[in-house]
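J.: Here's a structure for you.
Number of protein chains: 2
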Amino acid sequence: MPTKEEITEWFKSLQDSICTALEVEDGKGVFVEDNWVREEGGGGRTRIIQNGKVIEKGGVNFSAVYGDVPSFLQNDHGSEELKKHTFYATGVSIVIHPISPMVPIIHMNVRYFEMSNGVWWFGGGIDLTPHYVNDIDAHFFHAQLKKICDLYDIAYYPEYKKWADDYFFIPHRNETRGIGGIFFDRLNKKSKEELFSFVQGVGSAFAPTYVELLNRNKNKTYTEENKQWQLIRRGRYVEFNLVYDKGTKFGLETNGRIESILMSLPLNASWQYNHIPSSNSEEFRTLSLLKKGLNW
Amino acid sequence: MPTKEEITEWFKSLQDSICTALEVEDGKGVFVEDNWVREEGGGGRTRIIQNGKVIEKGGVNFSAVYGDVPSFLQNDHGSEELKKHTFYATGVSIVIHPISPMVPIIHMNVRYFEMSNGVWWFGGGIDLTPHYVNDIDAHFFHAQLKKICDLYDIAYYPEYKKWADDYFFIPHRNETRGIGGIFFDRLNKKSKEELFSFVQGVGSAFAPTYVELLNRNKNKTYTEENKQWQLIRRGRYVEFNLVYDKGTKFGLETNGRIESILMSLPLNASWQYNHIPSSNSEEFRTLSLLKKGLNW
Numbered sequence: 012m013p014t015k016e017e018i019t020e021w022f023k024s025l026q027d028s029i030c031t032a033l034e035v036e037d038g039k040g041v042f043v044e045d046n047w048v049r050e051e052g053g054g055g056r057t058r059i060i061q062n063g064k065v066i067e068k069g070g071v072n073f074s075a076v077y078g079d080v081p082s083f084l085q086n087d088h089g090s091e092e093l094k095k096h097t098f099y100a101t102g103v104s105i106v107i108h109p110i111s112p113m114v115p116i117i118h119m120n121v122r123y124f125e126m127s128n129g130v131w132w133f134g135g136g137i138d139l140t141p142h143y144v145n146d147i148d149a150h151f152f153h154a155q156l157k158k159i160c161d162l163y164d165i166a167y168y169p170e171y172k173k174w175a176d177d178y179f180f181i182p183h184r185n186e187t188r189g190i191g192g193i194f195f196d197r198l199n200k201k202s203k204e205e206l207f208s209f210v211q212g213v214g215s216a217f218a219p220t221y222v223e224l225l226n227r228n229k230n231k232t233y234t235e236e237n238k239q240w241q242l243i244r245r246g247r248y249v250e251f252n253l254v255y256d257k258g259t260k261f262g263l264e265t266n267g268r269i270e271s272i273l274m275s276l277p278l279n280a281s282w283q284y285n286h287i288p289s290s291n292s293e294e295f296r297t298l299s300l301l302k303k304g305l306n307w
Numbered sequence: 012m013p014t015k016e017e018i019t020e021w022f023k024s025l026q027d028s029i030c031t032a033l034e035v036e037d038g039k040g041v042f043v044e045d046n047w048v049r050e051e052g053g054g055g056r057t058r059i060i061q062n063g064k065v066i067e068k069g070g071v072n073f074s075a076v077y078g079d080v081p082s083f084l085q086n087d088h089g090s091e092e093l094k095k096h097t098f099y100a101t102g103v104s105i106v107i108h109p110i111s112p113m114v115p116i117i118h119m120n121v122r123y124f125e126m127s128n129g130v131w132w133f134g135g136g137i138d139l140t141p142h143y144v145n146d147i148d149a150h151f152f153h154a155q156l157k158k159i160c161d162l163y164d165i166a167y168y169p170e171y172k173k174w175a176d177d178y179f180f181i182p183h184r185n186e187t188r189g190i191g192g193i194f195f196d197r198l199n200k201k202s203k204e205e206l207f208s209f210v211q212g213v214g215s216a217f218a219p220t221y222v223e224l225l226n227r228n229k230n231k232t233y234t235e236e237n238k239q240w241q242l243i244r245r246g247r248y249v250e251f252n253l254v255y256d257k258g259t260k261f262g263l264e265t266n267g268r269i270e271s272i273l274m275s276l277p278l279n280a281s282w283q284y285n286h287i288p289s290s291n292s293e294e295f296r297t298l299s300l301l302k303k304g305l306n307w
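Heads up: the sequence lines are chains X and L, in that order.
For what it's worth, the numbering used here labels the leading residue of the first sequence as 12, then goes sequentially.
For what it's worth, the numbering used here labels the leading residue of the second sequence as 12, then goes sequentially.
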């Protein structure tokens with residue numbers, strides 16, 4: 012059975028390999044590392060890339076933290092008994108904002124959690140936020156995720172795809188953040204070996220999938236109008252992350268390292284009052300595709 | 012005793028007079044009005060100014076809504092009995108984002124709430140968010156607020172100034188949004204006449220105070236570096252409004268008119284990873300003054 016140390020080491024190696032793959036693909040930007048220590052136990056390696064040739068701003072963050080079980084989990088289980096126990100949480104979190112509006116924003120998180128009472132689980136997800144939805148890319152992206160899922164359980168993809176549609180959703184806009192992907196949490200119904208292997212599969216799929224999407228789109232030309240639209244889409248990304256994202260909320264409420272948490276926000280974003288794209292525009296088409304339940 | 016109709020009419024006239032004063036001062040921008048209707052009862056007049064000579068984006072919104080008492084208030088009072096009652100809420104909300112980083116952002120809200128069980132209260136506040144803190148302006152701003160408060164009760168200013176320091180605060184940054192101002196809520200310990208008069212005093216102080224600040228600063232020169240700093244400060248403004256502001260949260264959670272609620276967000280904002288101004292810079296000085304309890 013994989014130990015927390017083995018899982019932790021694997022997440023570190025995943026961070027390394029993803030950073031390398033993204034640097035190679037970008038061709039200019041390099042990740043700068045900030046090591047940080049958590050007062051209550053553990054810490055992390057925040058790695059930020061800024062002003063690359065393709066990537067404008069991105070973070071590939073590893074962390075492993077531990078300590079007393081936080082009160083929000085005690086409440087979750089309605090049990091005072093958890094106060095006696097400690098927790099250990101480790102994972103990798105990624106958000107990449109490209110320069111070009113023709114290149115999609117991507118997010119991934121893979122994580123492992125355990126408590127000293129023996130309870131453990133895995134969680135994670137990947138989702139894609141194109142500024143302009145490209146059907147072929149959307150199909151490719153979802154096909155990659157389905158392929159990984161199907162290796163483990165053909166029930167995974169439909170279930171985790173729906174979970175992503177529901178999670179990466181902005182209720183006050185009644186629109187999804189992007190074209191979704193997969194999302195899963197508190198997986199512990201199969202063996203730890205098998206679930207760790209699945210999470211490794213998801214983590215390992217990130218770099219080749221996103222590098223392919225970068226490759227396909229990074230040299231496309233775009234207009235100032237496309238750039239403006241990108242800024243508006245980024246505004247929605249900010250709205251999702253600050254208002255709804257559980258990882259962000261948890262980080263802000265538990266005195267996490269702010270700059271590591273908010274690396275997910277773009278370099279620039281824009282809010283125009285009541286911006287409505289003209290019908291038949293590409294922007295309008297993209298908006299019409301930001302909904303749950305589409306089969307890519 | 013002022014009726015809800017009289018209070019509502021006065022808020023409408025306040026919206027009118029503030030819009031006129033800001034248009035005159037700006038010299039180019041004009042407010043565009045969107046009337047909206049709330050399905051459950053009432054509606055509003057959203058007035059937005061964009062691309063003025065001095066004001067980049069701003070909203071001066073009036074609303075008057077009514078209906079069944081919302082569940083969040085029922086919980087607040089821990090009483091099932093409120094379900095039988097209806098509420099009426101009216102007010103004016105303002106946020107102005109200037110083009111120049113030398114001109115401060117301003118926010119004001121004045122509001123009245125009543126329920127059919129006879130419970131009523133006033134609330135409101137004004138706070139100033141300079142991109143660069145100017146001590147003379149900060150003193151002027153607070154002196155104006157103190158002058159209004161002192162006309163009614165010399166206990167108001169210190170109490171409401173502290174309330175503003177506590178409310179307009181970004182815990183995850185450990186900094187105040189700006190230099191504060193005054194904030195008050197659920198005022199009903201004095202007569203309705205007197206409290207309405209106080210709220211009228213606060214509302215009426217807005218235009219002359221902000222016009223004076225616009226006048227003092229609108230023609231100052233600034234650099235690209237100043238502009239970048241403005242974008243970063245605006246990012247913090249977005250963080251406060253989306254993560255902490257009660258009006259915004261309430262609006263998002265109760266299916267309010269999104270574009271009216273989010274008019275408070277700036278046209279553009281920026282997040283740079285771990286941006287730390289160099290010591291002895293004006294930016295550093297401003298950061299050092301974003302804390303509670305300063306006596307302007």
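C-beta atoms are modelled at their ideal positions from N, C-alpha and C, and glycine is treated no differently.
Compute the Euclidean distance between the alpha carbons of T234 (chain X) and A75 (chain X), then round it to the nearest angstrom.
T.: 42 angstroms
J.: Quick check on DSSP: helix, strand or coil for Y167 (chain L)?
T.: helix
J.: At which residue ranges does the segment 247 to 272 of chain L contain complete beta strand (DSSP E) runs of 3 or more residues, listed in the order of the chain?
T.: none
J.: Using a Cβ-Cβ cut-off of 7 angstroms (strictly less than) and excluding sequence neighbours within five positions of H286 (chain X), which residues of its own chain qualify?
T.: I243
J.: Should G192 (chain X) and F152 (chain X) be called a contact, given that it needs their Cβ atoms to be closer than 8 angstroms?
T.: yes
J.: Which of the three DSSP states is assigned to Y99 (chain L) in this structure?
T.: strand
J.: By DSSP's criteria, Y123 (chain X) is part of a beta bridge. Which residues make up the other side?
T.: X:T101 and X:F133
J.: Nearest by alpha-carbon distance to D27 (chain L): which of L:K229, L:R58 and L:T14 is it?
T.: L:R58
J.: So what's R56 (chain X) in DSSP terms, helix, strand or just coil?
T.: strand
J.: With a cut-off of 8 angstroms, does the C-beta of S281 (chain X) fall near any C-beta of chain L?
T.: yes
J.: Below 8 angstroms, how does it come out for the segment 65 to 79 of chain L and the segment 40 to 52 of chain L: are there three or more Cβ pairs, yes or no?
T.: yes
J.: Would you mind telling me which residues of chain L sit closer than 7 angstroms to V254 (chain X), beta carbon to beta carbon, in chain order?
T.: Those are L253 and L263, listed as they occur along chain L.
J.: At a cut-off of 7 angstroms, would you count E125 (chain L) as near the ligand MN, judging by its Cβ distance to the nearest heavy atom?
T.: Because no ligand of any kind appears in the structure shown, any question about the ligand MN cannot be addressed here.
J.: May I ask which residues mark the beginning and end of the beta strand (DSSP E) holding S74 (chain X)?
T.: I66 to D79
J.: Mind listing which residues of the segment 171 to 186 of chain X have their C-beta closer than 8 angstroms to chain L's C-betas, in chain order?
T.: P182, H183 and R184
J.: Look up H108 (chain L) in the DSSP assignment and give the residues it is bridged to.
T.: L:K68
J.: List the residues of chain L that Y284 (chain X) touches, going by C-beta distances under 8 angstroms, in chain order.
T.: I59, Q61, K68, G70, E270 and M274
J.: Go ahead and pull the three-state DSSP assignment for H118 (chain L).
T.: In the structure shown, H118 (chain L) adopts extended strand secondary structure according to DSSP, grouped into three states.
J.: Might you give, ordered along the chain, the residues of its own chain that have their beta carbon closer than 6 angstroms to the beta carbon of T19 (chain L), omitting 5 neighbours on each side?
T.: Excluding residues within five positions, the ones whose Cβ falls inside 6 angstroms are A75 and T101.
J.: Using only alpha-carbon positions, find the residue among L:V71, L:D196 and L:K229 that is nearest to S275 (chain L).
T.: L:V71
J.: Please state whether DSSP places N237 (chain L) in a helix, a strand or coil.
T.: It is helical.
J.: Under a three-way DSSP split, which group does F152 (chain X) fall into?
T.: DSSP places F152 (chain X) in helix when its eight states are reduced to three.
J.: Is it buried or exposed for V114 (chain X), if we count other Cβ within 10 angstroms and need 16 for buried?
T.: By the neighbour-count criterion, in which 16 or more other beta carbons inside 10 Å mark a residue as buried, V114 (chain X) falls on the buried side.
J.: Going straight from the alpha carbon of S82 (chain L) to that of K260 (chain X), what length do you get?
T.: 23 angstroms
J.: Considering just the uninterrupted stretch of the alpha helix (DSSP H) at E204 (chain L), what are its terminal residues?
T.: K203 to N228
J.: Would you kindly report the start and end of the unbroken beta strand (DSSP E) that includes L198 (chain X)?
T.: G192 to L198
J.: Taking C-beta pairs closer than 8 angstroms, name the residues in chain L that V65 (chain X) reaches, listed in chain order.
T.: Within chain L, no residue comes near V65 (chain X); the closest Cβ sits about 17 angstroms away, beyond 8 angstroms.
J.: Just to make sure I have the definition right: I need the residues of chain L whose C-beta is within less than 7 angstroms of the C-beta of V41 (chain X). Which are they?
T.: Ordered by position in chain L, no residue passes the 7 angstroms Cβ test against V41 (chain X), which lies about 13 angstroms from the chain.
J.: Does the segment 167 to 186 of chain X come close enough to the segment 103 to 114 of chain X to have 3 or more Cβ pairs within less than 8 angstroms?
T.: no
J.: Have a look at the DSSP bridge pairing and note the partners of N279 (chain X).
T.: Answer by DSSP bridge pairing, in chain order: L:S281.
J.: Which residues in the same chain have their Cβ closer than 7 angstroms to the Cβ of E34 (chain X), if we skip the five residues on either side of it in sequence?
T.: G40, V41 and F42
J.: At the level of alpha carbons, what is the spacing between K95 (chain X) and F22 (chain X)?
T.: 28 angstroms
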